[in-house]
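**Q** One line per chain: the protein sequences are H and P, in this order. The first sequence begins at 193 in the numbering used here and counts up by one. The second sequence begins at 193 in the numbering used here and counts up by one. We put the CB at the ideal spot given by N, CA and C, even for glycine. Keep in mind it's a predicted model, so treat the numbers as computed, not measured. Quick one: the structure is below, questions incoming.
2 protein chains.
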Amino acid sequence: MLSYTEENYLKTIYHLSEGGQKSVLTNEIAASLLTKAATVTDMIKKLSQKEFITYEKYYGVNVTKKGKTHALSIVRKHRLWETFLVEKLNFMWDEVHDVAEQLEHIQSPLLIEKLDEFLGYPTADPHGHPIPDKHGKIKQEKQIVLKDAIIDKALTVCAVRNGSSSFLQYLSKIGVSIGVSLIVKERIEFDGSLEVSIQNKKPQLISREAAENILVKE
Amino acid sequence: MLSYTEENYLKTIYHLSEGGQKSVLTNEIAASLLTKAATVTDMIKKLSQKEFITYEKYYGVNVTKKGKTHALSIVRKHRLWETFLVEKLNFMWDEVHDVAEQLEHIQSPLLIEKLDEFLGYPTADPHGHPIPDKHGKIKQEKQIVLKDAIIDKALTVCAVRNGSSSFLQYLSKIGVSIGVSLIVKERIEFDGSLEVSIQNKKPQLISREAAENILVKE
DNA sequence: ATAAAAGTTTAGATTAATCTAAAAAATATT
DNA sequence: AATATTTTTTAGATTAATCTAAACTTTTAT
Numbered sequence: 193m194l195s196y197t198e199e200n201y202l203k204t205i206y207h208l209s210e211g212g213q214k215s216v217l218t219n220e221i222a223a224s225l226l227t228k229a230a231t232v233t234d235m236i237k238k239l240s241q242k243e244f245i246t247y248e249k250y251y252g253v254n255v256t257k258k259g260k261t262h263a264l265s266i267v268r269k270h271r272l273w274e275t276f277l278v279e280k281l282n283f284m285w286d287e288v289h290d291v292a293e294q295l296e297h298i299q300s301p302l303l304i305e306k307l308d309e310f311l312g313y314p315t316a317d318p319h320g321h322p323i324p325d326k327h328g329k330i331k332q333e334k335q336i337v338l339k340d341a342i343i344d345k346a347l348t349v350c351a352v353r354n355g356s357s358s359f360l361q362y363l364s365k366i367g368v369s370i371g372v373s374l375i376v377k378e379r380i381e382f383d384g385s386l387e388v389s390i391q392n393k394k395p396q397l398i399s400r401e402a403a404e405n406i407l408v409k410e
Numbered sequence: 193m194l195s196y197t198e199e200n201y202l203k204t205i206y207h208l209s210e211g212g213q214k215s216v217l218t219n220e221i222a223a224s225l226l227t228k229a230a231t232v233t234d235m236i237k238k239l240s241q242k243e244f245i246t247y248e249k250y251y252g253v254n255v256t257k258k259g260k261t262h263a264l265s266i267v268r269k270h271r272l273w274e275t276f277l278v279e280k281l282n283f284m285w286d287e288v289h290d291v292a293e294q295l296e297h298i299q300s301p302l303l304i305e306k307l308d309e310f311l312g313y314p315t316a317d318p319h320g321h322p323i324p325d326k327h328g329k330i331k332q333e334k335q336i337v338l339k340d341a342i343i344d345k346a347l348t349v350c351a352v353r354n355g356s357s358s359f360l361q362y363l364s365k366i367g368v369s370i371g372v373s374l375i376v377k378e379r380i381e382f383d384g385s386l387e388v389s390i391q392n393k394k395p396q397l398i399s400r401e402a403a404e405n406i407l408v409k410e
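Here it is, written out as structure tokens:
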């Protein structure tokens, strides 16, 4: 059984290790959790002692099979709760993160089973992130970063990379949400911004920064 | 802001102080929380320092106005979550307590507002206990302990005093749940057990012990 | 009314999570 | 390659929550 704090460390390490296969460094974890490197060193000793991660002094951390399983169950809970908050309680998609951070630590397998059923076994949360099933399996569809999308091709928004309120509110303002159709009309060489038609309306400019945080499928 | 642990102490002290107007004693709190008197002493010093309770050495504890307000908000959360679990997620009424003990500590006034709305502003939880409104107001109907009920009078079950699984499962078995109609047909002097007709069916015996834990209204 | 019993508090430790400052190791620079 | 810089770890403290054992109050019983 992991404490609330240990779960937060494990989840953070798991997210930092996603994608890349390099070890996760002490300072990256400290930065993510807004804590100090010394604290992180203590915690990773504890987590490696419990075999959720492996740890080589000065070289960083890797998540074990056991650790990944546990991390995925936390991610599953987080995303199911976010879905509940938006679909059932009418939260805005930028209001759910902090509450889900708390709810993800509730210990009750039965609760999660029943919540999943109540929500109709969703496969993605309100930000388009995949929800692992109860065995930890993720149904991942091929996603393209909007920045790299081909010109004049019909696209559908399937996820956002950044869950910050300011970004999500900006997206809402320009009419971008999960499932919306986009067509990139032009790429501005100078600053990497894009002219994009949203739901077939007249094209508008989206900055490179924003386009790096929007994921689409064909 | 109270910690998870402080909230549990405050809630327990509040419940122990309900009904009686006597001070709550250290050992009662320790027994309720399955902890030691020395630990309780430390904690009540902290809570009285924060003015949620008043405390006179060796004579026990009383909940302040501020403490009552906070305790009621925890009780409100607990009972709203229990209602959610039973009404929306199809939990059995004997399965909800432990999960609600965790959920009651989630910090988000918006969440509770929205949950309350989603549930249709319920005034009682699945065990018949009143749910304080957002101002801490409790809609209390006059309740009678079944043991003391008048013979041959039509009654409706409105609450149970004891939330243990074993008791709730027993009640389910004999067909007693909130809202069910009862008529006490006879009181056995010897052991205080009652002959009760449940939903107008043929009377059956209910022990004094059980009858002390069932609340009814006329 | 005094002694015994029961209940409560204090003192001193322990564990988890955190911090700062100093030491050690790895990486980058000249 | 030697030195400087950055990163990480270790050492030593601190706070919250808990415990046991000893000391102190209050209550009960003789």
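Can you find the residues in the same chain that come closer than 6 angstroms, C-beta to C-beta, to residue 208 of chain P, ignoring five residues on each side of it along the sequence?
**A** Result list for residue 208 of chain P: 216, 220, in chain order.
**Q** Report the rounded CA-to-CA distance for residue 335 of chain H versus residue 308 of chain H, giving the unit in angstroms.
**A** Distance between the alpha carbons of residue 335 of chain H and residue 308 of chain H: 24 angstroms.
**Q** For residue 338 of chain H and residue 225 of chain P, I'd like the C-alpha separation in whole angstroms.
**A** So the alpha carbons of these two residues sit roughly 54 angstroms apart.
**Q** Any C-beta of chain H sitting closer than 8 angstroms to the C-beta of residue 310 of chain P?
**A** Yes, its Cβ sits closer than 8 angstroms to a Cβ of chain H.
**Q** For residue 270 of chain P, I'd like the list of residues in its chain whose CB is within less than 6 angstroms of its CB, leaving aside the five on either flank, ordered along the chain.
**A** Hits under 6 angstroms: 292, 296.
**Q** Check for me: the beta strand (DSSP E) holding residue 377 of chain H runs from which residue to which?
**A** Where residue 377 of chain H is concerned, the enclosing beta strand (DSSP E) stretches over 373-379.
**Q** Residue 278 of chain P CB to nearest chain H CB: under 8 angstroms?
**A** Not one chain H Cβ lies under 8 angstroms of residue 278 of chain P.
**Q** Let me know if residue 284 of chain H comes out buried or exposed under the rule of 16 or more other beta-carbons within 10 Å of its beta-carbon.
**A** So residue 284 of chain H counts as exposed.
**Q** Based on DSSP bridge pairs, tell me the residues matched to residue 201 of chain P.
**A** For residue 201 of chain P, which the question treats as bridged, DSSP gives no partner whatsoever.
**Q** Keeping to the same chain, check which residues put their C-beta closer than 6 angstroms to that of residue 229 of chain P; ignore five residues upstream and five downstream.
**A** 218, 219, 222.
**Q** Considering only DSSP beta bridges, list what residue 406 of chain H is partnered with.
**A** According to DSSP, which records beta bridges pairwise, residue 406 of chain H is partnered with H:352.
**Q** Is it true that the segment 385-405 of chain P meets the segment 324-335 of chain P, where meeting means three or more beta-carbon pairs spaced less than 8 angstroms apart?
**A** Output reads no: the segment 324-335 of chain P does not touch the segment 385-405 of chain P.
**Q** Against residue 283 of chain P, what residues of chain H qualify as contacts under a CB-to-CB distance less than 9 angstroms, listed in chain order?
**A** 302, 303, 306, listed in chain order.
**Q** Let me know if residue 275 of chain H comes out buried or exposed under the rule of 16 or more other beta-carbons within 10 Å of its beta-carbon.
**A** Buried is the call here.
**Q** So with CB distances below 9 angstroms, who are the chain H contacts of residue 323 of chain P?
**A** Within 9 angstroms Cβ-Cβ: nothing; residue 323 of chain P doesn't reach chain H, min ~17 angstroms.
**Q** Under the rule that 16 or more other beta-carbon atoms within 10 Å means buried, what is residue 282 of chain P, buried or exposed?
**A** So residue 282 of chain P counts as exposed.
**Q** Could you check whether the Cβ of residue 266 of chain H sits closer than 8 angstroms to any Cβ belonging to chain P?
**A** It does not; no Cβ of chain P falls within 8 angstroms.
**Q** Against chain P, does residue 361 of chain H count as a neighbour if the rule is that its beta carbon must be under 8 angstroms from one of theirs?
**A** Chain P contact via Cβ: absent.
**Q** Using the Cβ count rule (16 or more neighbours within 10 Å means buried), how would you classify residue 199 of chain P?
**A** Residue 199 of chain P should be labelled buried.
**Q** On the CB-based measure, 16 or more other CB atoms within 10 Å of its CB, does residue 405 of chain P come out buried or exposed?
**A** Flag for residue 405 of chain P reads buried.
**Q** Would you please verify whether the beta carbon of residue 226 of chain H is less than 8 angstroms from any beta carbon of chain P?
**A** So no, residue 226 of chain H is outside the interface.
**Q** Would you mind giving the Cβ-Cβ distance between residue 385 of chain H and residue 377 of chain H, rounded to the nearest angstrom? I have them listed as a contact below 8 angstroms.
**A** So it is not a contact: roughly 12 angstroms between Cβ atoms.
**Q** Would you say residue 289 of chain P touches the ligand NAD, meaning its beta carbon is less than 7 angstroms from a heavy atom?
**A** This structure does not include the ligand NAD; it has no bound ligands of any sort.
**Q** Taking only three categories from DSSP, how would you classify residue 335 of chain H?
**A** Correct three-state label for residue 335 of chain H: coil.
**Q** Consult DSSP for residue 362 of chain P and reduce its assignment to one of helix, strand or coil.
**A** Three-state result, residue 362 of chain P: helix.
**Q** What does residue 295 of chain H reach in chain P if we use C-beta pairs closer than 7 angstroms?
**A** By Cβ distance, chain P contributes 298.
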